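K.L.:
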Amino acid sequence: MAEKITFTINGKLTTVEVDPEMLVIDVIRDVLNLTGTKRGCDNSVCGTCTIVVNGKATKSCNMPIKKLAGAEVLTVEGLAKGTELHPIQKAISESGAIQCGFCTPGIVMELYGLLEEKPDAAQSEIENALSKHLCRCTGYEPIRDGALMAQKLIKERK
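The sequence shown maps to residues 0 to 157 in numbering that gives the first Met the number 0.
(1) Do you know how far the Cα of I27 is from the Cα of T74?
(2) Going by the beta-carbon positions, is the gap between E109 and H132 smaller than 8 Å?
(3) My parser needs the beta strand (DSSP E) runs of 3 or more residues fully inside the region 9-58; what are they?
(4) Name the residue from M0, A90, C60 and A149 whose alpha carbon lies nearest to the alpha carbon of P19.
(5) If contacts are defined as beta-carbon pairs under 8 Å, then T13 and G105 qualify, I think. What distance do you get, rounded to the angstrom?
(6) Closer than 8 Å is the cut-off here; do at least three beta carbon pairs connect the region 79-89 with the region 26-46?
(7) Opposite K80 in the DSSP bridges: which residues?
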């Protein structure tokens, strides 16, 4: 039975009428047509589906949409301001951390959640956050380097 569920996504108040048990990733991709969030493993292991919910990096592949009622949600589409990339997007790109790009949106959102809460996160905290993500194409060093570069860019921006 469909229910109306209202939440804010990428700064826009949104109401969807869907089965309350429908997965967040399906609503984001198939109902709202925000396809930057990727489906990977469907069991919260790979991290490609990571979004930010109420400021916290959250995997969307096993969360029912009813849990988003009243929430603030940010997807990778909500980071850039027009054509200006967010510092995390810019740093991940410039560090050579992107090859196929499939895992990148989830990594970017994980870092956003961490660095918004803790701009001075230690390298070990950044590496711990990144350990929640699988990347099949690149070595993890460029991703870590991009994360550290992003942290620096964010600090310079403030």
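Idealized CB from N, CA, C, for every residue including glycine. Just so it is clear, the structure is predicted and the values come from calculations on it, not from any experiment.
P.N.:
Answer, in terms of the structure:
(1) Rounded to the nearest whole angstrom, the CA to CA distance from T74 to I27 is 9 Å.
(2) yes
(3) 11-17, 49-52 and 55-58
(4) M0
(5) Not a contact, Cβ separation roughly 21 Å.
(6) no
(7) E83
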